[in-house]
Structure formats: structure tokens, C-alpha cells
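Down below is the structure, laid out as C-alpha cells.
Protein chains: 4
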Amino acid sequence: MNRTRLEAFSDGVFAVAITLLALDLAVEGPGHGHTLLWQQLGHKWPAFVAYLISFFTIGIIWVNHHMMMNGVVVVTRTLLYLNLLLLAVVVAIPFATSTLADYLTSPWPDGNTAAALYAGVFELMSIAFALVSEWILRHDEYVRDPLPTAARTSARLSFYAGQLPYLTAFVVAFFSVPATVIITAVTGIYYIFVRTYAPPTPSARDMPME
Amino acid sequence: MNRTRLEAFSDGVFAVAITLLALDLAVEGPGHGHTLLWQQLGHKWPAFVAYLISFFTIGIIWVNHHMMMNGVVVVTRTLLYLNLLLLAVVVAIPFATSTLADYLTSPWPDGNTAAALYAGVFELMSIAFALVSEWILRHDEYVRDPLPTAARTSARLSFYAGQLPYLTAFVVAFFSVPATVIITAVTGIYYIFVRTYAPPTPSARDMPME
Amino acid sequence: MNRTRLEAFSDGVFAVAITLLALDLAVEGPGHGHTLLWQQLGHKWPAFVAYLISFFTIGIIWVNHHMMMNGVVVVTRTLLYLNLLLLAVVVAIPFATSTLADYLTSPWPDGNTAAALYAGVFELMSIAFALVSEWILRHDEYVRDPLPTAARTSARLSFYAGQLPYLTAFVVAFFSVPATVIITAVTGIYYIFVRTYAPPTPSARDMPME
Amino acid sequence: MNRTRLEAFSDGVFAVAITLLALDLAVEGPGHGHTLLWQQLGHKWPAFVAYLISFFTIGIIWVNHHMMMNGVVVVTRTLLYLNLLLLAVVVAIPFATSTLADYLTSPWPDGNTAAALYAGVFELMSIAFALVSEWILRHDEYVRDPLPTAARTSARLSFYAGQLPYLTAFVVAFFSVPATVIITAVTGIYYIFVRTYAPPTPSARDMPME
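Sequence lines, in order, name chains A, B, C and D. Sequential numbering of the first sequence, starting at 811, is according to the working numbering. Sequential numbering of the second sequence, starting at 811, is according to the working numbering. Sequential numbering of the third sequence, starting at 811, is according to the working numbering. Sequential numbering of the fourth sequence, starting at 811, is according to the working numbering.
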């Protein structure tokens, strides 16, 4: 019951953040130079790439947030504030996306700075997500059907291993911008497909899933 | 129960996207030239036309999304991700609308590019909608009161025939910008009136409708 | 149950529209001239006035929307589309507010155009609201506890008399911009206080109110 | 039941306002000068500071709004309008934040004006919050489990003492901008930690909390 409002607020923030992503796609109006519209759209490919990666990454966070909160029956102030911390990072994703879209093709060091900022925000998001998960895993008294010990270990492993790809993408940003973009894209695709067709992970057990 | 949160998030995205459409209507402040305000507003008629078509097209998608999800009782990860795909296109509609508003009266090839982009995004939205519908039609085990076989054929026909107008509008864009605008507007009006006064289509049966 | 999603979507649109109003308050950053910040803020008084009037007008529409929908038990496609029409006007209020804020102090004819646009959008909103109300009044079969005949006449009177102030404000705009602003402000204040302290009007009977 | 829609609308406004805060973080695109991206990001530290303080302050208001509304069972028009007053101030926070971010490092009097505006909006928010709380405290007939007299006194003390830090920050703004920023930040942190680990305050008793 209290969870409803926590979820409604979080869903609102996710929905606004995911929709603001598309503001970067905007092209300049006519009369701002001699570039044809289809050429402008063509030059904006980094904005489309950044948009798609960020859209599905926020989408995946939302799906996992959905699952993670599903078993929580008592919402405490600590959980509310940890969730706010996660949302504070989610809300910064459109900013990081917009910066990457603008500087993706810039030479050293601007392209690298933008890529590091992008991977860095995703890494912060991954850390904030792990904090919320860890808190829930440690408070069985507020959760319906807490996980058995083995599942708990495996869930923790998954949260902590989840830090690796974005950390790698962050470090790689100083050497290769395209490599950072590819790592963040592949990480997103991995999380969509692996969890979709694999048997439900322990943390998914609370919710009817394929 | 799980559907609630899927719908809440989708409603949030639809609501933000539909509200952002109106940002294009903004005129320039005083002191930016000698054009009178009513002349500026007059010159912005393409923005008003594009706003109205997009507003009601997103509105129709929302109404149909409402009906389509109504019978779903188990939300799986695949459905969540197919729904995200649909939302990724919905979120791009304000961008396509804004581009059409800016370039509607531009000569070849800019006006045509903008019209093709506009019709193209609507076609992608139509395809994404058909994908979600097709998935629901194929998973009776997650749906309350699945459709009988005849109704299913007719529902599929409607989804696949629904691709035609936007595909036509896309092709026509390369020859005539006004024709594309008229086709997208008429398609929207058709979907509002036909479904309003006709007896409920099979897919509408789940929900109390006129 | 179906009403829930209609209300959730409408609430989302109202919430985004009411929050976008404040974007007009933004001042220019430092280095854009020699105007001190407090002088800039002082010169922006039309933006603050327009913001407050529009905020509380949208707020009043939302409160009344809340009350009007409260007795509806079956949501039909016609009601969904009439509601969309109302939302299409609500979404245009930030645009009209922003234009008024920019041109409130401009000489004839720009100030007058902005004031006419502002009052005109409020009048359209009032008409759309009356259309939704009229439809609900005519469809007792979809409403819990339909109004008795006398209450119905009085409710209709209130909807149709409600057109007058904004229509007046629209006509007055061509003669006096401040008069238009005052009429729209007083109309809002009237609706806040009259309905708050008066005994509930017939249409309010469905909902526990003071 | 009616409270649901009041909360849904408020949550929407909080969610949009909190997400718009991050729009200030945007940097300029390439080609707008010779500043490197990491230098631009470094120069934007006031925007990051202002973003974090405002994000968590809005978050705290949302958490407290959540708790305050939790015991309300009958929503009257007066409560709806007092709540709208609170939301009107919340919606102005992104504007005050953006102004502070732009002028934080400006010399007298611009930095001081921005700091006074920032603390002033927070003070108004605190007053609006106290008004809503006071109204709820005075209307036991609309509240489930009204507070006992002692708890009521202590709750009132907390609302009225809560005015002090922002009032101080407002006055201090005319002498020291950094002091204002520190006071608003510390006030936020105080409210996060004190209420999290302290035994529930009387007003929190309605809701399961740590």
C-alpha cells in the first residue's frame, strides 16, 4: 500500500527522464545555414545511438526496479532515501546522454571526457541500484517471501558483477570512445536477452515472469 | 496487479510526450525582429497542424494501448520489453513533429525529408504496436478471456492493414508534402470515428465500451 | 477500474503542463548584458503574474475534473476522446502563458494579441470542459447516482455561465491588456473561493467535500 | 480513495519538477569556444551543487508529503487548494535552482540575489507545508487516528521550528552566498538523517517506518 506511492513517484521520474532523452534529437530550424535536412539528420547519428542505448538502459533499470520492489511490504525512510539516491542518478542520464551525443565524434580529449561521463553515470546508477538491492536483501522483516541463502548469494553476485561492464567502459573511455559506446550498448542488450530467456533468477521469483 | 505498474509507467511516458508536443508552438519574444505577434502566430500554422495531428495520434495509441493491455493478467519480461520498444517510438514523435513543423513549407528536399521522417516514425509506431498485439494474441495463457479464432483473424487483419496508411504517407512524402500531412490526419480521424460509432471490434470486447 | 487509467493519464498531463509553466520564469545567465539580476527579476513580473494565474487555473480545472469524473463508472471511447480534446487545450496553456509573459507589456497590437490568445485558450478550455460535462450529464447509464433534474439544470447553467468571463476577457483584450489579465485572475479566485465555502453544488455531491 | 488521485497528481508534479532540475547540468555543444569539455564540466560545479541540494530537498518534501497525507481519509476542496499552493512553490524550485547555478559565483549583488531567491523559495515551501499540516491537524474529522494533544504540540513545534533554517539562510544571503548554500544543504542532510534514525515522530506514527 505504501509501496504504491513509492512506485508511482519512481515511475513518474523514470517516465520523464526517458522522454526527455528524445529532446536531443531536435535538429535546427531552416535558415540556420546551408545544410540540407537529411544531411543534418545524418550528422546526428551519435544522438540516435546515444538515445537508443540510454532509452533501453533506463528501461532495463525500470524493469529491474519493478521486480526488486515487488516483494517489499514495508517501506521505511531508509529505503525511500536510498531509492531517491538511485533516482538522482537516473535523472542525470539525459544530461550524460546529451553530452555524449554532442561530443561523440570530437577529438581527444573532449570525446573521451563525454564517454567517461556517460559510462561514469551508468556506473553510479549501477552502484545505487546495488545499494537498494543490498538493503532489501538485509531486511527480511520488510519483505514477503525472502530469498533462501543460496539465491541470496547468487543475487548479490549478480549485483556486484553488474558493476564490471560500466567500470570497464569508464576506463576504456580514456583510450577509445567507440569501445565505450559498444560496451554500454552490449551490456544493455545482454541484460535484455539473458534475463528474458533464461529461467527466472532468484530475485525474479516474486513476480510471474516467463 | 503487475499490469498496474506497466500501465502507470506507459501512461507517464504518453503524458509527457503528448505535453512536450506543445513546446513547438512557442513564438519568439519581442525585440527579435519587426514581425508582429499575430503574423508570427499566422506563420506558425504548420506547427499547429502538426501539433493537432500528433496529439490525437498519440491519444489514439494511448486509447488502444489501454484496450490492448486490458485483458492481460500476467506481465512477462518479453511483454515489458516489447512495450518499451513501442514507447521508444512514441517518445520520438515530439521530435518528428517539431521537425515537420519547422520544415513543412520548405522546398524540396527539406519539406519532403521532414514529411518522410514524420510518416516514418508513425509507421514504426504502427509496427511496434502490431508486435505487442501479436505477442498478446499468441499468449492466451497470460490473457483473461482470449479471443475466439475468427475474432483473432479479424484483429490481426486490422493490425496489419493499419500499416498501409502510414506506409503510403511515407512513400507519398517524396512527391507531395501536403498529401502526406493529409493522409496522416485522415488516418487519425478515421481511427477516432470508425471505432467510436462502430460496434466494438473483437479486441475491444474485454472493456466496457459503447 | 477503467476510470483509474483515464484519471492517471489525465493527472499526468495536468502535472506536466502545470510544471512546464515555471520554465518561463527562467532569467538569462550572467554576461548577457549589464542588467543586475534583481532588475531582471523585477522586469519579469509579467511572467510571475501569468505563471500564478495559469497555475491556479489549471489547478481548478484539475479539481473540477476530479469531481466530474468521480461518478463515472463506465468509460466509453467517446468520453476518452472528449477528454483528450480537453487535454489538448490544457497542454496549450503553457504556450499561451509564455506568450503572454513575453508580450504583456508590449504596445498595440502585440500585447493585445497575446492577451486575446491567453483568454482564447482559456475559453476553449471552458468549452471543452462543458462538452465533457454535457456528455456525462446525458449518459446516466454510465454514472453512479445520476443527478436529479433540478440539479442537472443548475449544473448546466453553471457550465454555460462559466463561458462568459473568458469570452469577455477575450473581447476586452482588443481594448485593454490589463483588464484581460484582471478578469482571468478574478475568475480563478472566484472559482477557488465560491466553491470552497458555498454548500456543495449538485455536481459535487458525489464526492465528500466541505 | 479520493486521496489516491490527490497523491497521484502531487507525485506527478514532484516527479516532473525533480527531473527538470537536471536540465541545468547541460553543457554547450562543441564549437562554442575553445573551452575543453572537462573544463566546462569543472566550471559547472555550482550547477551540480545546486542540483544535489534541490534534488534531495524536493525528495524530503515528497517523503514528508507522503507521511502527512497518509492518515487523511476525506479530501476537501480546501485541502486540495492548500496542496496546490504547496505544489506552486515546488514547481518554482527548478527555476530558483537554475538561477542559483548561473549566479552562484557572481560578485555582489547578483550572487546574493540568487542565493536570497533560492532560500526564499525554500522558505515559501516550508510555509506552504506548515499550512497544509496545520489544516490537517485542525480537522480530526477527516483524519484516521488523529494525534493525541501532546504529539500535536510537538508536531506543530517541528513545523514552525522548520521555518528557522531557511529564514536564516535568506537573511544570510545578503552577507555570504556560500553560507546560504551551506545552511540549505545542512538543513536537507539534517532532515534525512535525524528522521531516519530517530524513533518515529508523532506525525510519522500513521505509517510503518523504522
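Glycine included, each C-beta is placed from N, C-alpha and C at the ideal position.
Under the three-state reduction of DSSP output, residue 953 of chain D falls in the strand class.
Residues of the segment 900–929 of chain C with a C-beta atom less than 8 Å from some C-beta of chain B are 901, 902, 904, 905, 908, 909, 912, 913, 916, 919, 920, 923, 924, 927, listed in chain order. Approximately 15 Å separates the beta-carbon atoms of residue 937 of chain C and residue 878 of chain C; this is outside 8 Å, ruling out the contact. Judged by DSSP in its simplified three-state form, residue 882 of chain C adopts strand. Around the beta-carbon of residue 909 of chain B, 16 or more other beta-carbon atoms lie within 10 Å, marking it buried. For residue 819 of chain D, the residues of chain C that pass the 7 Å Cβ criterion are 821, 824, 825, 872, in the order they occur in the chain. Shown here, residue 872 of chain C sits in a helix according to DSSP, grouped into three states.
Excluding residues up to 5 positions away in sequence, 947 lie with their Cβ nearer than 7 Å to the Cβ of residue 962 of chain A in the same chain.
Comparing C-alpha distances from residue 1003 of chain B to each of B:857, B:867, B:958 shows the shortest one belongs to B:867. Taken in chain order, the complete beta strand (DSSP E) segments of 3 or more residues contained in the segment 900–933 of chain B number zero; there are none. Contact residues of the segment 964–977 of chain A toward chain B are absent (C-beta to C-beta distance below 9 Å). Here residue 905 of chain C is buried, its C-beta having at least 16 other C-beta atoms within 10 Å.
Ranking D:921, D:889, D:974 by CA distance to the CA of residue 953 of chain D puts D:889 first. Membership of residue 852 of chain D in the alpha helix (DSSP H) is indicated by the continuous run 847–853.
Counting other Cβ atoms within 10 Å of its Cβ, residue 818 of chain C reaches 16 or more and is therefore classed as buried. Cβ-Cβ distances below 6 Å link residue 979 of chain C to 929, 990, 993, 994 in the same chain, with the five nearest sequence neighbours on each side left out; the list follows chain order. With a 10 Å radius around the Cβ and a threshold of 16 neighbouring Cβ atoms, residue 996 of chain C comes out exposed. For residue 925 of chain C, the CB contacts under 6 Å within the same chain, skipping 5 residues up- and downstream, are 983, 987, 990 in chain order. Taking the Cβ atoms as the reference, residue 899 of chain A lies roughly 10 Å from residue 827 of chain A, outside the contact range of under 8 Å.
For residue 848 of chain C, the chain D residues whose C-beta falls within less than 7 Å of its own C-beta are 919, 923, listed in chain order. Of all alpha-carbon atoms in B:918, B:913, B:859, the one lying nearest the alpha-carbon of residue 839 of chain A is that of B:913.
Counting along the chain, the unbroken alpha helix (DSSP H) around residue 975 of chain C starts and ends at 973–982. Against chain A, the beta carbon of residue 836 of chain D has neighbours under 7 Å at 905, 908, listed in chain order. Nearest CB-CB separation between residue 997 of chain D and chain A: not below the 8 Å threshold.
Excluding five sequence positions before and after residue 950 of chain B, the CB atoms of its chain that fall closer than 7 Å to its own CB belong to 956, given in chain order. Under the DSSP assignment, residue 817 of chain A falls in the alpha helix (DSSP H) whose first and last residues are 812–830.
Interface annotation, residue 881 of chain A: not in contact with chain B, CB-CB separation never under 8 Å. Straight across, the Cα-Cα distance linking residue 861 of chain B with residue 970 of chain D is about 47 Å. Look at residue 998 of chain A here: in three-state DSSP terms it is helix. Just measuring C-alpha positions, the residue of D:831, D:857, D:856, D:976 sitting nearest residue 935 of chain D is D:976.
By the criterion of a C-beta distance shorter than 7 Å, residue 885 of chain C is surrounded in its chain by 812, 813, 816, once the five residues flanking it on both sides are discounted. The beta carbon of residue 813 of chain A does not come within 8 Å of any beta carbon belonging to chain D, so the residue lies off that interface. In this structure, the beta-carbon distance from residue 902 of chain C to residue 895 of chain B does not fall below 8 Å. In chain C, no part has a C-beta under 9 Å from the C-beta of residue 956 of chain B; the shortest such distance is about 20 Å. For the C-beta of residue 890 of chain C, not a single chain D residue is nearer than 8 Å; the gap to the nearest is close to 17 Å. Residue 838 of chain A carries a coil assignment under DSSP once its states are collapsed to helix, strand and coil.
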